[in-house]
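Using the UniProt record's numbering, you'd call the opening residue of the sequence shown number 1 and step up by one each time.
In what follows, a single structure is set out as structure tokens and then discussed.
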Amino acid sequence: ALAQRSAEAAREIKNLISASTTQVGEGVKLVAATGQALERIVTQVAEINAVVTNIAASAHEQSTGLDQVNTAVNQMDQVTQQNAAMVEESTAASHSLAQETDALARQ
1 ALAQRSAEAA REIKNLISAS TTQVGEGVKL VAATGQALER IVTQVAEINA
51 VVTNIAASAH EQSTGLDQVN TAVNQMDQVT QQNAAMVEES TAASHSLAQE
101 TDALARQ
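So, in structure tokens, the structure goes:
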């Protein structure tokens, strides 16, 4: 009876060791899969970082371009105002000349 119980206990221990070995093997597979997933994540994060860097560079270029456009528009506004002032001066000079011409013609 003791030998039989010892044999059963040995079989049970063998089964437990076998189950533990299987679980450890599955754990190793899960760790490997997790490592691969983390590698993919690191790669994707690097790709995202590159895209964000490109977006930031493009935004900076657009900002510079908008500054240049703004400067050009301000210069055009100044030139337009100068032209308008010159037109007013020319108009005033024309009226003055017309009045002088009328005055000379009446003499």
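Virtual Cβ for every residue (Gly too), placed ideally from N, Cα, C.
Quick caveat: nothing in here was measured; it's all calculated off a predicted structure.
For residue i, the first and last residue of its enclosing alpha helix (DSSP H)
i, result
"Gln-81", "2-106"
Own chain residues within Cβ distance below 8 Å of residue i, not counting five before or after
i, result
"Ala-103", "none"
"Gln-4", "none"
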